[in-house]
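2 protein chains.
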Amino acid sequence: MRTVYTSGPLKRERVLETALAVAEREGFEQLSMRLLARELGVSTMAVYRHVTNKDDLLDGLVERLLGELEIPEQSLPWEQRLRWLAREVRALAHRRPEVFGLLLRRRAVGEDATRARQAALRALRDAGLESKAAERMERLLSTVVMGFALSEATGRFEGIDVEDEFERALELLTRLVATQ
Amino acid sequence: MRTVYTSGPLKRERVLETALAVAEREGFEQLSMRLLARELGVSTMAVYRHVTNKDDLLDGLVERLLGELEIPEQSLPWEQRLRWLAREVRALAHRRPEVFGLLLRRRAVGEDATRARQAALRALRDAGLESKAAERMERLLSTVVMGFALSEATGRFEGIDVEDEFERALELLTRLVATQ
DNA sequence: ACCTGAACACCGTTCAAGT
DNA sequence: ACCTGAACACCGTTCAAGT
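Residue numbers (my numbering), protein chains in the order written: chain A, 1452 to 1631; chain B, 1452 to 1631.
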């Protein structure tokens, strides 16, 4: 009834990948340990060998999503790096509308979580902000970017050209950074 | 084992109120139709007379939460009205940390949903923004305000003085509105 | 008209048992 | 070492039955 991924032994990597696929295909609420196991062609409890419980599975998904963000080259001007990051997040929300919300519900702790944040902080420092101000601005920017992306993914801004809206918001905020 | 609310007949109002209390006390994930019924001192299916299903229950909670927002007097200067609204949202997130996230996950459709939005739009028009610009700014502001409030409720900004941070962000954005 | 209990098709997770 | 099936304590919801 379902596609069963049969490539090699069961690994955490494949568990997460399949969980992501199931969530996007069936809807996030439908993702269960049992359905995931069925999809992997394995007993429910076999999944627990690669994931300590469902919470750990969700943490793994968050980490995987963050790992999909491409970090801009340091050589680019700071404005372009900020825009790059913002668009990466927006693209992620587009690609994974069902699971994107996880990023705003769960605290990201792993290494991938900080990569994007560090890149944003570097860009803001390069824009001339001192350390504390850069951190504050990063929190403001990430809130806006994540919030917009989520709003689009959940349909809160239906009927609105979010592409355009998002670019304008970025424009405004970048100007705000420049005048800090 | 649990407090049973015994005041009068079962009404939608009391169902929602109790659901809110249960969610905040036991955690949002623990809120179930069965536990809610137990709490109301009634059979599970009796709850279904006041709520068509769990989805409808959650929609009801969203509506109730939005109804808790106090709208500022029109006589206040526009900056103060915006600040008022922002603080109301932040206070709501503080009061209902467990259920606040619902507001960002579900589309609000009822009347209470638009009250706050209309008040913000009026303030922005009074600030001199033309109609389209006011709508765009309202979306930006609401995203920031809701995003910050959620981040605080979920602990994303742990160790940070969100009170201070929030005021600074508002300050920045208000200046942005003034210079539009 | 309003409430009930049993039943159905699901969950996450523990644990003893199999290879 | 790795996987399994049965079991436990839960879900949301349908439906026939009670008052």
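Glycine included, each C-beta is placed from N, C-alpha and C at the ideal position. Given the structure is predicted, the values throughout are model-derived calculations rather than measurements.
message: Are the CB atoms of A1567 of chain B and E1539 of chain B within a distance shorter than 9 Å?
response: Cβ distance < 9 Å, so E1539 of chain B and A1567 of chain B count as in contact.
task: Can you give me the Cβ contacts of I1522 of chain A inside the same chain, cut-off strictly under 7 Å, excluding the 5 residues immediately before and after it?
output: Closer than 7 Å at Cβ, skipping near neighbours: R1566, A1567, A1570.
message: Our contact map puts L1408 of chain A next to V1498 of chain A with C-beta atoms below 8 Å; I'd like the distance itself, whole angstroms only.
response: The structure shown does not extend to residue 1408 of chain A, since chain A is modelled only from 1452 to 1631, so the question has no answer here.
query: How big is the Cα-Cα spacing for A1474 of chain A and S1483 of chain A?
result: Between A1474 of chain A and S1483 of chain A, the alpha-carbon positions lie close to 9 Å from each other.
field: Spatially closest choice to R1541 of chain A from A:E1614, A:R1626, A:T1625, by CA coordinates
entry: Comparing alpha carbon positions, the residue from A:E1614, A:R1626, A:T1625 closest to R1541 of chain A is A:E1614.
Contacts that A1620 of chain B makes with chain A (C-beta to C-beta distance below 7 Å): Close to A1620 of chain B, with beta-carbon spacing below 7 Å, are these residues of chain A in chain order: L1591.
task: Would you verify that the beta carbon of T1605 of chain A is, or is not, closer than 9 Å to some beta carbon of chain B?
output: Chain B, which has a Cβ nearer than 9 Å to the Cβ of T1605 of chain A, makes this yes.
- prompt: Cβ atoms of T1625 of chain A and L1693 of chain A: under 9 Å apart, would you say?
  reply: Here chain A has residues from 1452 to 1631 only, and residue 1693 of chain A is not among them.
task: Name, please, each residue of chain B whose Cβ falls closer than 7 Å to the Cβ of M1484 of chain A.
output: In chain order: nothing, as chain B lies at least about 15 Å away.
field: Segments assigned beta strand (DSSP E), at least 3 residues, entirely inside the region 1580-1611 of chain A
entry: No beta strand (DSSP E) of 3 residues or more sits fully in the region 1580-1611 of chain A.
- prompt: Skipping 5 residues on each side, what residues in its chain have a beta carbon closer than 8 Å to that of R1485 of chain A?
  reply: T1495, listed in sequence order.
task: Could you say which of A:R1619, A:G1518, A:L1467, A:H1545 lies nearest to N1504 of chain A if we only look at CA atoms?
output: When only C-alpha atoms are compared, the closest one is A:L1467.
- prompt: How many angstroms separate the CA atom of I1611 of chain B from the CA atom of G1511 of chain B?
  reply: Going by the C-alpha atoms only, they are around 33 Å apart.
- request: Take R1558 of chain B as the anchor and find which of A:V1628, A:R1607, A:R1576 has the nearest alpha-carbon.
  value: When each option's Cα is compared against that of R1558 of chain B, the closest is A:R1607.
- prompt: With DSSP run on the structure shown, which of helix, strand or coil describes P1548 of chain B?
  reply: In the structure shown, P1548 of chain B sits in a helix (DSSP, three-state: H, G or I).
query: Nearest chain A C-beta to R1587 of chain B closer than 9 Å, yes or no?
result: Answer yes: the Cβ-Cβ gap between R1587 of chain B and chain A drops below 9 Å somewhere.
query: Do you know offhand how far D1563 of chain B's Cα is from L1591 of chain B's?
result: Their Cα atoms are separated by approximately 20 Å.
- request: Note the first and the last residue of the continuous alpha helix (DSSP H) segment covering L1512 of chain A.
  value: DSSP places L1512 of chain A inside the alpha helix (DSSP H), whose first and last residues are 1505-1518.
- prompt: For the candidate residues B:W1529, B:G1552, B:L1520, whose alpha-carbon lies nearest to that of A1574 of chain B?
  reply: Scanning B:W1529, B:G1552, B:L1520 for the CA closest to the CA of A1574 of chain B turns up B:W1529.
Cutoff 6 Å; reference V1455 of chain B; Cβ partners in own chain excluding five residues on either side: Caution applies to V1455 of chain B, whose pLDDT of 41 falls short of 50 and renders its modelled position unreliable; the model cannot decide the point.
task: Would you mind sorting T1594 of chain B into buried or exposed? The rule is 16 or more other CB atoms within 10 Å of its CB.
output: By the 10 Å Cβ count, T1594 of chain B comes out buried.
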